[in-house]
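K.L.:
One structure follows; several queries about it will come next.
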Amino acid sequence: MPSPFDQSPYQVRLEWGAEGLARLAPADVVVAVDVLRFSTTVTELVEEGTSVDLQGARAWSSNGADVAEAAAATGAEVLLGGIRNASAVASAVMSLQERRGERTSVTVIAAGERAADGTLRFAVEDLLGAGAVICALIDLGIDHTSPEAVAAAESFRALRRGLRHLLTASGSGRELAIGVASTARMADAGIRPATPEEASEHDASSAVPHLRDGAFTAFA
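Given below as structure tokens:
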């Protein structure tokens with residue numbers, strides 16, 4: 005008997021973290037959303053033509069990398085999404101559906117923030133990033149959404165005028181302003197981390213990181 009928490013009746017689903025992914029029914033496409041900063045930084049890198057190795061990226065951003073790795077293990081197509089490339093991600097999902105020639109199920113995973121003790125913390129930036137992607141899917145007609153997914157989408161619709169403030173004033177944004185160890189690790193790897201201001205720019209990028217053979221490259 006299907007679990008009441010697997011969201012299997014719906015084409016578009018939402019959960020939190022790798023644990024949430026495991027609760028859901030298998031999907032054809034998984035969109036990992038880690039707005040501050042994995043998704044946004046990797047999006048900027050692939051837009052520049054850079055290939056980003058998943059295991060290498062784990063050294064400077066484990067949250068999003070963990071979700072992407074868990075998603076890849078299911079056999080799904082894995083994309084990275086967020087506020088900055090939401091419409092481009094939805095278009096990529098539509099392209100994958102057209103290539104498959106059949107209805108395509110989509111799981112959107114908000115990464116959240118992992119505390120030192122391993123617990124998962126709600127992250128408003130990932131709620132909004134997931135909501136932005138789901139809104140864009142709905143706008144393209146991929147709109148049979150679970151209640152969990154539509155709640156994120158409507159949160160984004162209601163709050164989209166305040167994205168910059170919400171991201172910079174959020175707990176994650178304030179933590180980055182104070183300083184975190186991952187910033188130094190990114191610098192050591194020669195990577196400039198995306199800022200909360202950049203992460204809040206809706207549809208500023210047309211690049212979609214696509215995980216293939218252990219590395220993210222631009223979806224094509």
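Residue 5 is where the sequence shown starts when you use my numbering, and the numbers rise one by one after that. Backbone N, C-alpha and C fix where the C-beta goes; we use that ideal spot for every residue, glycine too.
Between which two residues does the alpha helix (DSSP H) holding G21 run?
P.N.:
G21 -> alpha helix (DSSP H) spans 21-27.
K.L.:
If distances are taken between C-alpha atoms only, which option among G116, V82, T123 comes closest to V110?
P.N.:
V82
K.L.:
Which first and last residues belong to the alpha helix (DSSP H) in which G133 is found?
P.N.:
128-143
K.L.:
Does the distance from the C-beta atom of G226 to that of G116 stay below 8 Å?
P.N.:
As displayed, the chain neither begins before 5 nor continues past 224, which places residue 226 out of reach and without an answer.
K.L.:
So, at 7 Å on beta carbons, what are the nonlocal neighbours of T44 in its own chain, with the 5 sequence-adjacent residues on each side left out?
P.N.:
G86, R88, A198, E202, A203
K.L.:
For R118 and D147, what's the separation of their Cα atoms in angstroms?
P.N.:
A straight-line Cα-Cα distance of about 30 Å links R118 and D147.
K.L.:
Tell me which same chain residues have a C-beta within less than 6 Å of the C-beta of F42, skipping the five on either side of it?
P.N.:
S65, G68
K.L.:
Given a threshold of 16 other Cβ atoms within 10 Å of its Cβ, counted over all protein chains shown, does A61 qualify as buried or as exposed?
P.N.:
Around the beta carbon of A61, a 10 Å sphere encloses 16 or more other beta carbons of the protein chains shown; the residue is thus reported as buried.
K.L.:
Specify, as a first and last residue, the run of the beta strand (DSSP E) that G53 falls within.
P.N.:
First-last for G53: undefined, no H or E at that position.
K.L.:
If you follow the beta strand (DSSP E) that A208 is in, where does it begin and where does it stop?
P.N.:
Counted as a single uninterrupted DSSP element, the stretch harbouring A208 is not any beta strand (DSSP E), since DSSP gives it neither H nor E.
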